[in-house]
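Structure, as structure tokens:
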Ligand SMILES: C[S@@+](CC[C@H](N)C(=O)[O-])C[C@H]1O[C@@H](n2cnc3c(N)ncnc32)[C@H](O)[C@@H]1O
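So, in structure tokens, the structure goes:
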């Protein structure tokens, strides 16, 4: 499946499979922290780029279990927990919405090596060289 087909399918999933009410009235809302805060107030989980299984083959090739992984703009995606369950445990997650970070911290509290921080991508507070892999979308 080409990237274009995946994006197109995702669009139709959003429209057809009950995601219509989740779409903001303007695309510019995606650039608005209040939009994410209010969305994460009630939404339990959503994977914007698809499921972990879709990428697992490539991720298994690219990652090493000892890697320190940084997920920027993690949202409430299942990608980080699935990485953890697949043996890539050292996942640090940041998002500027406190609502989602608090929710995820509680949800995955038993996964001790997973870290969750409310942090703006534009003002990250990690020392240089802290991570082997950075993922964001
Ligand atoms: C399209 S969602 C993707 C969420 C998740 N990565 C996924 O794939 O499902 C974008 C995420 O980036 C976060 N975000 C946007 N701008 C940010 C910023 N400047 N700093 C931190 N997080 C940000 C939003 O709160 C939201 O969770």
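Numbering (UniProt numbering), first residue to last: 1 to 137.
In this text, a Cβ means the ideal position worked out from N, Cα and C, and glycines have one as well.
What's the C-alpha gap between residue 18 and residue 128? Residue placement at residue 18 is poorly supported in this model, since its pLDDT is 47, which falls under 50; the coordinates are not used for a value here.
Within a Cβ cutoff of 8 Å, which residues of the same chain sit near residue 133, ignoring the five residues on either side of it in sequence? 62, 63, 67, 68, 69, 70
Please specify which runs of the beta strand (DSSP E), each continuous and at least 3 residues long, are wholly inside the segment 16–73, giving them in chain order. 69–72
Roughly how many angstroms separate the alpha carbons of residue 39 and residue 27, rounded to a whole number? 14 Å
Within 8 Å, strictly: CB atoms of residue 77 and residue 37: no
Using 8 Å for Cβ pairs, my map puts residue 93 next to residue 114. What's the rounded Cβ distance? 7 Å
Which residues DSSP lists as bridging residue 95, in chain order: 118
Cβ-heavy atom distance, residue 114 to ligand 1, below 7 Å: no
Minimum C-alpha distance to residue 110 - residue among 48, 81, 121: 81
Count the other CB atoms, across all protein chains shown, that sit within 10 Å of the CB of residue 24; report buried if there are 16 or more and exposed otherwise. exposed
If you count every other CB in all the chains shown that lies within 10 Å of the CB of residue 101, and 16 or more means buried, which is it? buried
In the DSSP output, what is residue 133 paired with across the bridge? Looking at the DSSP output, residue 133 bridges to 69.
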